[in-house]
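Heads up: the structure comes next, in structure tokens.
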Amino acid sequence: MVFAVLGLAAVASATMAFEKTKLTLAGKSLSLDSVQVKGETYVSLTQLKAQMGAQGGANQLAGTEGVMNEWLFNGVWRFRVTKIDWNAEDEYWVASVEMRNGTNKTRHAGGQGLSDYPGQAFHLATESGDNLVVTSVSAGNELQDILGYKELAAGMGTKADIPFGRGKATDKPTKLILEFTALAGQGYVKDPSFRVDLTKSKE
Numbered sequence: 002m003v004f005a006v007l008g009l010a011a012v013a014s015a016t017m018a019f020e021k022t023k024l025t026l027a028g029k030s031l032s033l034d035s036v037q038v039k040g041e042t043y044v045s046l047t048q049l050k051a052q053m054g055a056q057g058g059a060n061q062l063a064g065t066e067g068v069m070n071e072w073l074f075n076g077v078w079r080f081r082v083t084k085i086d087w088n089a090e091d092e093y094w095v096a097s098v099e100m101r102n103g104t105n106k107t108r109h110a111g112g113q114g115l116s117d118y119p120g121q122a123f124h125l126a127t128e129s130g131d132n133l134v135v136t137s138v139s140a141g142n143e144l145q146d147i148l149g150y151k152e153l154a155a156g157m158g159t160k161a162d163i164p165f166g167r168g169k170a171t172d173k174p175t176k177l178i179l180e181f182t183a184l185a186g187q188g189y190v191k192d193p194s195f196r197v198d199l200t201k202s203k204e
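Okay, structure coming up:
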């Protein structure tokens, strides 16, 4: 078995061989099987890689389902919904979102997992069961520039307000879906589409 030395300062105390050791690495809490040899703590490099798992040093485990204000990760892009509001003047729901490049390469999303027309990839489910979409042509064109073909360096992000037409103020949104396709060789998880529960929020 291959082991990697992590250093005692980085790990919790482990007094017996093959005990669970908890540590924080790159901001992530990990629980690993460990062994002590001559006072030094070792963990398997294989299980460390499995738990870190993100592409290109993104340092985040993939998770494509969550709640508002929670960063989700599909192996390539990080995404979250920060706000959902009713625009009384124009009578539509608006979702404020953020998306960041989670890889170590400069890239854009359009045509590389995200639709060439990002507005078509957003869906807003409501309490009544309606599925609202982006109906404004101008908004769709703007999203193409902001989310589709804006080149983002590693770790950099972009923000957008997504207007969903033909909604009702009394029919509140319950879930937002952003569709992605798991293109081969891109680094996406098996199901890379984001699903956000709008009835709950992460503090």
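With our numbering applied, the sequence shown corresponds to residues 2 to 204, in that order.
Ideal Cβ positions, reconstructed from N, Cα and C, are used throughout, including at glycine.
Do residue j and residue i have their beta-carbon atoms positioned less than 8 Å apart in this structure?
i	j	result
Leu148	Pro193	no
Met69	Val82	yes
Pro164	Val95	yes
Phe181	Gly103	no
Glu152	His109	yes
Asp176	Ala126	Residue identity differs from the one stated: residue 176 is Lys in this sequence, not Asp. For Lys176 and Ala126, yes; Cβs fall inside 8 Å.
Glu99	Gly156	no
Ser32	Glu20	no
Thr200	Gly166	no
By how many angstroms is the C-alpha of residue j removed from the C-alpha of residue i?
i	j	result
Lys191	Thr171	36 Å
Ala154	Lys169	38 Å
Gly130	Glu71	24 Å
Gly141	Ser116	11 Å
Glu92	Asp86	10 Å
Asn132	Asp146	24 Å
Gly64	Asp198	13 Å
Ile178	Lys160	16 Å
Arg79	Glu204	18 Å
Ala183	Gly112	11 Å
So the alpha helix (DSSP H) residue i belongs to, where does it begin and stop?
i	result
Ala140	138-144
Looking at the secondary structure, which residues open and close the beta strand (DSSP E) in which residue i lies?
i	result
Lys84	78-88
Pro174	174-179
Leu199	195-202
Val68	66-69
List the residues that DSSP assigns as beta-bridge partners of residue i.
i	result
Met100	Phe80, Thr159
Val36	Tyr43
Thr127	Pro174
Glu20	Ser35
Tyr93	Asn88
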